[in-house]
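Heads up, the thing below is written out as structure tokens.
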Amino acid sequence: MIAETSAPAILTVNQNTTINTHPLAASRCENDNVIFDVSTTGSALTYQWQKDGIDLTDGGTISGSNTSTLTISSTVVADAG
168 MIAETSAPAI LTVNQNTTIN THPLAASRCE NDNVIFDVST TGSALTYQWQ
218 KDGIDLTDGG TISGSNTSTL TISSTVVADA G
């Protein structure tokens, strides 16, 4: 009988992702700030906020586009949607 060895295999099981709190709709006047927040559980989570199906990116009045909290500073009418 010939014994063979191989490298060990590693199995990683991630926790299921759960959205505990969805972002709430908001109404603001122009130049107001607005904060959207989502609460989740799970492992190795990533976030990407979108508007009209397009990924938002940090810069200008947008911050937190890849976090659980999105902030829009000094809102304008074009931010609606």
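According to my numbering, the sequence shown is numbered sequentially starting from 168. From the three backbone atoms N, C-alpha and C, an ideal C-beta is built for every residue, glycine too.
Minimum Cα-Cα distance from residue 181 among the listed residues 236, 230, 210 corresponds to 210. Residue 178 counts as exposed, since fewer than 16 other beta carbons sit within 10 angstroms of its beta carbon. With a threshold of 16 other beta carbon atoms within 10 Å, residue 239 meets it and is buried. The C-beta distance from residue 235 to residue 214 rounds to 6 Å, short enough to fall under 8 Å. Residue nearest to residue 245 within the set 233, 187, 198, 186 is 198 (criterion: CA-CA distance).
Closest option to residue 208, judged by alpha-carbon separation, among 216, 247, 188: 188.
Of the residues 216, 219, 220, 242, the one whose Cα lies closest to the Cα of residue 227 is 242. Judged by DSSP secondary structure, residue 206 falls within the beta strand (DSSP E) whose first and last residues are 206 to 208.
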